[in-house]
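Novice: Chains as they are written, first to last, in this note's numbering: chain A, -4 to 89; chain B, 49 to 210. Have a look at this one.
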Amino acid sequence: MTKKTVLVACGTAVATSTVVATAIVEAMGDRGIDVETRQCKATEVPSMLDGVDLIVSTTPLPPNLPKPAIVTLAFLTGIGRDAEINRIADILRA
Amino acid sequence: MTDSMNTTSFLSREDIFTGLTARNANEVIGQLADHLLSRGKVRSSYRGAVEERERTMPTGLPLEDGLAVAVPHTDPEHVIASGAAVATLKEPVTFRSMDDPDKELPVRLVFMLALHSKEEQLEMLSAIGGLIQDNKTLQSLCEAQDSGQIYADIDRYLKLGG
Chain A
-4 MTKKTVLVAC GTAVATSTVV ATAIVEAMGD RGIDVETRQC KATEVPSMLD
46 GVDLIVSTTP LPPNLPKPAI VTLAFLTGIG RDAEINRIAD ILRA
Chain B
49 MTDSMNTTSF LSREDIFTGL TARNANEVIG QLADHLLSRG KVRSSYRGAV
99 EERERTMPTG LPLEDGLAVA VPHTDPEHVI ASGAAVATLK EPVTFRSMDD
149 PDKELPVRLV FMLALHSKEE QLEMLSAIGG LIQDNKTLQS LCEAQDSGQI
199 YADIDRYLKL GG
């Protein structure tokens, strides 16, 4: 399987997206899915989509994005984390 | 007890406030931002930037058992050195939820972050991330009367994460 790219977005592209990106790389690695992450602000997402397979954001995203997108706090709060990991893995394997 | 070098540089006991009184989110942000300014961690523009960011992109996080925390922060340009200020609130204060700004959360615990660069604060963020996923510890932190207990818990997570 080729390397997948996940765009991780939050409000400032510094704090929460760093925590989320680290968690996604680790969780996908455990499932044998090779991912690289890029971080940006939620408002920058529409201009950052080149080569991106999935967007994961902790804040609301602009509407009508042409790529699969998930808004979740699971990687920050731990609530529903396993379900989100499975959802992300399914999208990246598709 | 030897403190981790990283905790010491990011956070010291004087950065932790227990039983803070505030009527709303802006009052919490103002008190903690003024503290970080007096510690030389942030620029004078920081307070307004965090207030504005909280208004447009809130940082409340809903946790288990109706508990909620907030992690107000802003862009690195307003920050001089990475750091944090932590407060437990005497009475819950309403913050709005990060994933849905229409959702209001009763917040008891606030981690205000002064974020300077991505690499620098990863350990601090991981420690706070681990801590807020530990509901039992979090419950006891909300009731803590002593800043030393909060400091010790954050330090413990920093060591686990590191």
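Just so it is clear, CB atoms sit at the ideal spot from N, CA and C, and this is done for glycine as well. Since the model is a prediction, treat every value here as computed from it, not as a measurement.
Per the contact definition of three or more C-beta pairs closer than 8 Å, is the stretch 106 to 124 of chain B in contact with the stretch 176 to 185 of chain B?
Specialist: With the cut-off at 8 Å, the stretch 176 to 185 of chain B and the stretch 106 to 124 of chain B touch.
Novice: Which of the three DSSP states, helix, strand or coil, is assigned to A:K(-1)?
Specialist: DSSP places A:K(-1) in strand when its eight states are reduced to three.
Novice: Who are the neighbours of B:M105 on chain A, taking C-beta pairs under 7 Å?
Specialist: Simply G6, T54.
Novice: Taking 7 Å as the cut-off, is the beta-carbon of B:A175 closer than that to any non-hydrogen atom of the ligand GDP?
Specialist: The model on display carries no ligand, and the ligand GDP is accordingly not part of it.
Novice: If you drop the 5 nearest sequence neighbours on each side, which residues of the same chain put their C-beta closer than 7 Å to that of A:V20?
Specialist: Within the same chain, A:V20 has close Cβ partners V30, T32.
Novice: Is there at least one Cβ from chain A nearer than 8 Å to B:G210's Cβ?
Specialist: Only weak support exists for where B:G210 lies, its pLDDT of 43 falling under 50; the coordinates are left without a value.
Novice: Which residue from B:L179, B:S188, B:Q193, B:S195 puts its Cα closest to that of B:K207?
Specialist: The candidate whose alpha carbon is nearest that of B:K207 is B:L179.
Novice: Could you compute how far the alpha carbon of A:R82 sits from the alpha carbon of B:S57?
Specialist: Those two C-alpha atoms are separated by around 38 Å.
Novice: With 8 Å set as the bound, which would you pick, yes or no: does the beta-carbon of B:M146 sit closer than that to a beta-carbon of chain A?
Specialist: Yes, contact with chain A.
Novice: Just how far apart, CA to CA, sit B:V158 and B:I64?
Specialist: The straight-line gap from Cα to Cα measures roughly 10 Å.
Novice: Are B:K138 and B:G196 closer than 8 Å when you measure CB to CB?
Specialist: No, Cβ-Cβ distance for B:K138 and B:G196 is not below 8 Å.
Novice: Could you spell out where the beta strand (DSSP E) holding B:R156 opens and where it closes?
Specialist: Per DSSP, B:R156 belongs to the beta strand (DSSP E) from 152 to 162.
Novice: Between B:Q79 and chain A, is there a C-beta pair that is closer than 8 Å?
Specialist: Taking Cβ atoms only, chain A never reaches closer than 8 Å to B:Q79, which makes this a no.
Novice: Can you list the residues of chain B that A:G73 reaches, using a CB-CB cut of under 7 Å?
Specialist: Q181, listed in chain order.
Novice: Residues of chain A with a CB under 8 Å from the CB of B:D123: which are they?
Specialist: In chain order: T7, V9.
Novice: A:N59 to A:T7, Cα distance in whole Å?
Specialist: So the two alpha carbons sit approximately 22 Å from each other.
Novice: Taking the alpha carbon of B:F143 as the point to measure from, which residue in B:T69, B:S60, B:I176, B:V76 has its own alpha carbon closest?
Specialist: Taking only the C-alpha atoms, the option nearest B:F143 is B:V76.
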